[in-house]
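A.B. asks: Residues -20 to -1, 1 to 638 in mature numbering (1 follows the signal peptide of the UniProt record, and there is no 0) are what the sequence shown spells out, letter by letter. Heads up, the beta-carbon is just placed ideally off N, CA and C, and yes, glycines get one too. In this text the structure is predicted, and so the values were computed from the model without any measurement.
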Amino acid sequence: MKLILLCLTLFFLASNTITGAVVEESDDDYIGTLMPLAEKHCFSCHHDTKRSGGLSIKSYFMGINDFESRIARGGKVWTNIIQTVKSGEMPPAGEPFMSHAEREAFINSVNAILLKSLTSNDPGRVVIRRLSHTEYEHTIYGLVGIRFDAKSKFPSDGSGGAGFDNFPNTLFITPLKMERYYDAAEEILDLAYQNSETWKKIVPNPFFENIFQRFANWLKRLFSGEDYVEKHLLAAEDVIIPFTSNAFRRFLTPEEKQTYLGLYKEVYEGTSGKEKFNLAIKETLKAVLVSPNFLYRYEEEQPIDHAYPLSNFELASRISFFLWSTFPDKELFEAAYREDLHDPGVLKKQVKRMLRDEKAKQFSESFATQWFGISRFREDITADPERYPEMIPSLKSAMYQELVEFFHHVLTESKNFLDLIDSDYTFLNEELAQHYGIKGIKGSDFQKVNLNCSTRGGILGMASILTSTSLPIRTSPVLRGKWVLEEILGTPAPPPPPDAGDLPEEAAADPNASIRTLLTVHRSKPACITCHQKMDPIGFGLENYDAIGRWRDSYGQDKIVAWDTLPSGEIFNGPGELKKILTNKKDLFARTISEKTFTYAIGRNVEFKDELYIQSLVKNLLDHNFNTEEFIIALVTSYPFRYKVNDGAEKFKMLAKN
């Protein structure tokens, strides 16, 4: 591992991500070197009240104790600072001159801090968090067999970090939400007991038969008349312990077993009537479903101040919530019990198996729809009903489902992420096929459809993406170009300056007006031209798609001009040629995939100290022709995925005991 890290570090430095000479570790006083240089050359323009370029350098120097870690956390910012200082762009003309010796001292000191953070073997801090609504829904279904709509029952999760809903900063529990969890547990268990077929769908415990089949067998013996009290206690134990073990994603401690069996016994003895057994079981399982051990994804802390490996069961839980959005199944639990999940061979075997499982589609939907910004497409995206009356709920659902089916096929069948940009197939049902003008597709079920043209292949030809990046009445080259820069190339444009004004495409009342003409004047403003030169050409290349994703050749009487030139000098005409250019930007797309998937899988933002691991994932994609399976295996076997540092979750123990 250390050899790999060293090689990657050298590769990283050689690629000029960190510039300048490698500085050997020493006891140098970096803040003592950097503070006078920053005061002389940086603070006058880059402080909290005058953030030139949106940057406050002075904020990094507020206090000595945490100075190096602040620089490391802002590693990407400081990498850019180094580049501007080395190139001579900074300090600008008119500011105190920075001598060659000062530049070297500045660059070398920052480099030393950043390099130290890259070789620190720090997997990053993953804060304890509760189950997201998606995870809760799938986990409840796995435990009880009930399809529970958490999104309509609970307050919204929101999204954090890179736009994913599994981030700790949005996954806390308020008193209101806790009350909703109590109500939900009651409703779920009521529905389960009222429907005998539901019990048959309960996911079996890793080391037992289906718990409700066992439950039925025990009931037969229970009413046989012999050893009545003993039988009901044994039957209860056979239901409660495996259910709770699945819910907590681990073995129970003796104290936990005693607590839940004691609760069952207390309710049983305080209840009369022939349903007392069922009522006692129900109340006990309700307590399980509102326990912090169920609602939170907790990983045990160790009494050490450095990184340490997750336990086998914690690693099994990370993998399962990553790829399935639910708790581990019997085979993964057994692997965690019998084998070392940290063994790359064992992990590889499990990942391949899990990607073949139908539950992997839960990952495809959750991850892809959030990455591409359409997770709320069916509820929130609106097209003008007078201009687009065909945008009915069933068509919106079909648009959404096309992307889910397509991404899942890419993940598990074609196994090539490049298909996301361009492919010769998609997935359609009859309604969506008619919307696209594709004939011969019948029925409401989705089916793979081979395409004989370049207009629909890949996500850039999908109505869900094209509609969500349009305005209600017309298309928006700016929004579409911005989306491609952010979600495909990972090179977002900076926010518009305060004096940029409204986009003319938003103000135009005539949807048939040429957007290229409308944007020409706007792009001529000095404050706007830099960003629009990046966004607009890409958006113009997609202008043949209208605001709800249908193909068109003209705006009213005016023929659409879909050719343009990218800032890199590449010329294209139409979406087919644009997609070919984007497909060739493999380094950028590989990094976007790596950062997005890393963020979703681990549940935190990518930080500068992760750079070596991100570059390793990028290399994996480039070396294996963007193979999805090889990439997922590389991520799951990576150091940040398998290791952790203490996150202050000791407070959770007190909460879980109460």
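1) Taking only the alpha-carbon atoms, compute the straight-line gap between Tyr317 and Val384 and give it to the nearest angstrom.
2) Residues in its own chain within less than 8 Å of Leu(-18) by CB, not counting five upstream and five downstream?
3) Starting from the N-terminal side, write out each stretch of the alpha helix (DSSP H) that is 4 residues or longer and does not extend beyond the region 39 to 85.
4) What three-state label does DSSP hand Ser450 in the structure shown?
5) Buried or exposed for Ile613, please, with buried defined as at least 16 other CB atoms from any protein chain shown within 10 angstroms of its CB.
6) Going by DSSP, what residue range makes up the alpha helix (DSSP H) through Asp238?
7) Curious, which full-length alpha helix (DSSP H) runs of at least 4 residues does the region 98 to 186 contain?
8) Hey, how far is the Cα of Val247 from the Cα of Glu263?
9) Taking C-beta to C-beta, are Val65 and Phe41 nearer than 8 Å?
10) Are Tyr593 and Ser618 closer than 8 Å when you measure CB to CB?
11) Where does Tyr580 fall in DSSP's three states?
12) Considering only C-alpha positions, which residue in the set Lys254, Glu236, Val57 and His212 is nearest to His245?
13) Using three-state DSSP, classify Tyr380 as helix, strand or coil.
14) Ignore the nearest five residues each way along the sequence and tell me which others in Pro324's own chain have a CB closer than 7 Å to its CB.
15) Can you tell me whether DSSP reads Thr435 as helix, strand or coil?
16) Between Val106 and Ile582, which are expected to be in contact by the criterion C-beta below 8 Å, what is the C-beta distance as a whole number of angstroms?
17) Excluding sequence positions up to five away, which residues of its chain have a Cβ less than 8 Å from the Cβ of Val429?
18) Based on Cα-Cα distance, which residue from Gly104, Phe569 and Lys395 lies nearest to Glu467?
19) Does Lys38 pass the burial test, meaning 16 or more other C-beta atoms within 10 Å, or should it be called exposed?
20) Do the CB positions of Ala172 and Val219 come within less than 8 Å of each other?
21) Based on Cα-Cα distance, which residue from Leu35, His118, Gly438 and Phe152 lies nearest to Asp137?
22) Whole-angstrom Cβ separation of Phe621 and Leu615, contact assumed at under 8 Å?
23) Alpha carbon to alpha carbon, what distance is there between Ser305 and Tyr278?
24) Decide if the region 43 to 59 is in contact with the region 89 to 105; the criterion is three or more beta carbon pairs, one per stretch, under 8 Å apart.
25) Just grab the DSSP bridge partners of Pro289 for me.
26) Buried or exposed for Arg532, going by 16 or more other Cβ atoms inside 10 Å?
27) When you compare each of Ser24, Ser49, His118 and Thr13 to Glu345 by their alpha carbons, which one comes out closest?
28) Going by the beta-carbon positions, is the gap between Leu602 and Phe611 smaller than 8 Å?
29) So for Tyr405, helix, strand or coil by DSSP?
30) Taking all protein chains shown into account, decide if Asn175 is buried (16 or more other Cβ within 10 angstroms of its Cβ) or exposed.
31) Measure the C-alpha to C-alpha separation of Gly536 and Thr563 and round it to an integer number of angstroms.
32) Given this structure, state the Cα-to-Cα distance separating Ser132 from Thr29, to the nearest angstrom.
33) Could you give the DSSP three-state label for Ile540: helix, strand or coil?
34) So is Pro222 buried or exposed if we call it buried at 16+ other beta carbons inside 10 Å?
35) For Ile561 and Glu550, which I take to be in contact (beta-carbon distance under 8 Å), what is that distance rounded to the nearest angstrom?
36) Which first and last residues belong to the beta strand (DSSP E) in which Ile551 is found?
C.D. replies: To lay it out plainly:
1) The residue you call residue 317 lines up with position 337 of the sequence shown. The residue you call residue 384 lines up with position 404 of the sequence shown. C-alpha separation (whole angstroms): 34 Å.
2) Numbered from 1 along the sequence shown, position 3 holds the residue referred to as residue -18. No answer about Leu(-18) holds up, because its pLDDT of 38 lies below 50 and its placement is not dependable.
3) Given a length threshold of 4 residues, each whole run of the alpha helix (DSSP H) inside the region 39 to 85 is given here in chain order: 47 to 53 and 55 to 67.
4) For the purposes of this step, residue 450 is identified with residue 470 of the sequence shown, where counting begins at 1. In the displayed model, Ser450 falls within coil according to three-state DSSP, outside both helix and strand.
5) As a first step, residue 613 must be located in the sequence shown, where it is residue number 633. It is buried - the Cβ of Ile613 has at least 16 other Cβ atoms within 10 Å.
6) Position 258 of the sequence shown holds residue 238. What sits at residue 238 in the sequence shown is Gln, not Asp. Pro234 to Glu249 is the span of the alpha helix (DSSP H), which, as asked, contains Gln238.
7) Qualifying alpha helix (DSSP H) stretches, in chain order: 113 to 124, 130 to 133, 155 to 174 and 176 to 179.
8) Your numbering for residue 247 matches position 267 in the sequence shown. Your numbering for residue 263 matches position 283 in the sequence shown. The straight-line gap from Cα to Cα measures roughly 8 Å.
9) Indexing the sequence shown from 1 puts residue 65 at position 85. Indexing the sequence shown from 1 puts residue 41 at position 61. No. Outside cutoff.
10) Sequence index remark: in the sequence shown, residue 593 carries index 613 (1-based). Sequence index remark: in the sequence shown, residue 618 carries index 638 (1-based). Yes, the Cβ-Cβ distance between Tyr593 and Ser618 is below 8 Å.
11) Within the sequence shown, the letter at position 600 stands for residue 580. If DSSP states are grouped into helix, strand and coil, Tyr580 belongs with the helices.
12) Counting from one through the sequence shown, the residue named residue 245 turns up at place 265. Looking at the sequence provided, one finds Lys at residue 245 rather than His. The residue with the shortest Cα to Cα distance from Lys245 is His212.
13) Position 400 of the sequence shown, counted from the start, is the residue given in the question as residue 380. Three-state DSSP puts Tyr380 in a helix.
14) Along the sequence shown, read from residue 1 onward, the residue named residue 324 stands at position 344. Thr617.
15) Residue 435 sits at position 455 when you count from the first residue of the sequence shown. It is coil, neither helix nor strand.
16) On the sequence shown, position 126 is the one that residue 106 refers to. On the sequence shown, position 602 is the one that residue 582 refers to. Rounded, the Cβ-Cβ distance is 6 Å, consistent with contact.
17) The residue you call residue 429 lines up with position 449 of the sequence shown. Excluding residues within five positions, the ones whose Cβ falls inside 8 Å are Tyr405, Thr406, Phe407, Leu408, Ala413, Ile418 and Ile421.
18) Residue 467 sits at position 487 when you count from the first residue of the sequence shown. Closest option to Glu467, Cα to Cα, is Phe569.
19) Locating residue 38 in the sequence shown gives position 58, where the first residue counts as 1. By the neighbour-count rule (16 or more Cβ atoms within 10 Å), Lys38 is buried.
20) Indexing the sequence shown from 1 puts residue 172 at position 192. Indexing the sequence shown from 1 puts residue 219 at position 239. Against a cut-off of 8 Å, the Cβ pair of Val219 and Ala172 comes out as no contact.
21) Here residue 137 corresponds to residue number 157 of the sequence shown, with the count starting at 1. Among Leu35, His118, Gly438 and Phe152, the Cα nearest to that of Asp137 belongs to Phe152.
22) For the purposes of this step, residue 621 is taken as residue 641 along the sequence shown, with counting starting at 1. For the purposes of this step, residue 615 is taken as residue 635 along the sequence shown, with counting starting at 1. Yes, Phe621 and Leu615 are in contact; Cβ-Cβ is about 6 Å, under 8 Å.
23) In the sequence shown, residue 278 corresponds to position 298, counting from 1. In the sequence shown, residue 305 corresponds to position 325, counting from 1. Computed Cα separation, rounded: 15 Å.
24) Yes, the region 43 to 59 is in contact with the region 89 to 105.
25) Your numbering for residue 289 matches position 309 in the sequence shown. Pro289 pairs with Tyr623.
26) As a working mapping, residue 532 is identified with position 552 in the sequence shown. Note on Arg532: under 16 other CB atoms within 10 angstroms of its CB, so exposed under the neighbour-count rule.
27) Numbered from its first residue, the sequence shown carries residue 345 at position 365. Closest option to Glu345, Cα to Cα, is His118.
28) As a position in the sequence shown, residue 602 is number 622, starting the count at 1. As a position in the sequence shown, residue 611 is number 631, starting the count at 1. Contact flag unset, no.
29) Your numbering for residue 405 matches position 425 in the sequence shown. Here Tyr405 sits in strand by DSSP.
30) To locate residue 175, count along the sequence shown from 1; it is residue 195. Result: exposed.
31) Residue 536 sits at position 556 when you count from the first residue of the sequence shown. Residue 563 sits at position 583 when you count from the first residue of the sequence shown. The C-alpha of Gly536 lies about 32 Å from the C-alpha of Thr563.
32) Stepping through the sequence shown from its first residue, residue 132 is reached at position 152. Stepping through the sequence shown from its first residue, residue 29 is reached at position 49. Cα to Cα, the separation comes out at about 43 Å.
33) For the purposes of this step, residue 540 is taken as the residue at position 560 of the sequence shown. Of the three classes helix, strand and coil, the one that applies to Ile540 here is coil, per DSSP.
34) Counting from one through the sequence shown, the residue named residue 222 turns up at place 242. The residue in question, Pro222, is buried, as its Cβ has 16 or more Cβ neighbours within 10 Å.
35) The residue you call residue 561 lines up with position 581 of the sequence shown. The residue you call residue 550 lines up with position 570 of the sequence shown. About 5 Å separates the beta carbons of Ile561 and Glu550, which is inside the 8 Å limit, making them a contact pair.
36) Within the sequence shown, the letter at position 571 stands for residue 551. Per DSSP, the unbroken beta strand (DSSP E) holding Ile551 starts and ends at Ile551 to Asn553.
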